Amino acid sequence: YAAEMLRRIRYHWRIPELAQLGVPGVVRIRFFIEKDGRVTGLTILKDSSHPPMDFAARDAILNASPLPPLPKEVGVEREGVIITFYYNVRPPEDS
């Protein structure tokens, strides 16, 4: 499920011109996936200080919605997710 979720978000991630010019930034976002796959409760936990990067990350998630329904084996009504978008910054080894 996680791989498909990330594939869909990456598909909708449009890199803003600022990032294409090499400006670095990191955006961390929390959201919830409802049982039916809808994305709700999106919150930017850490902004990049560059609104176009923040908006592009947010829009990638919102435009990927709805995601596939949560697998029945998960056994929850909704699942919380935190995802980090890196622009011209190498992610830490443990991410």
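Residue numbering for the sequence shown follows my numbering, starting at 1464 and increasing by one per position.
The beta-carbon is built from N, C-alpha and C at its ideal position, and this holds for glycine as well.
Note that the coordinates shown come from a computational prediction; the quantities given were computed from them, not determined experimentally.
Under DSSP, K1535 forms no beta bridge with any residue.
Apart from the 5 residues on each side of it in sequence, A1519 sits with its Cβ closer than 6 Å to the Cβ of R1477, P1479 in its chain, given in chain order. No Cβ-Cβ contact shorter than 8 Å links L1508 with I1496. Rounded to whole angstroms, the separation of the alpha carbons of L1481 and E1542 is 32 Å. In the DSSP annotation of this structure, I1478 is not part of any alpha helix (DSSP H), being labelled neither H nor E. Distance check between Q1483 and each of V1502, P1515, K1535 places P1515 closest, using alpha-carbon atoms only.
Within the DSSP bridge table, the entry for E1542 names I1496 as partners. DSSP, read as helix, strand or coil, puts R1501 in coil. A residue is called buried when at least 16 other Cβ atoms come within 10 angstroms of its Cβ; I1472 meets this threshold and is buried.
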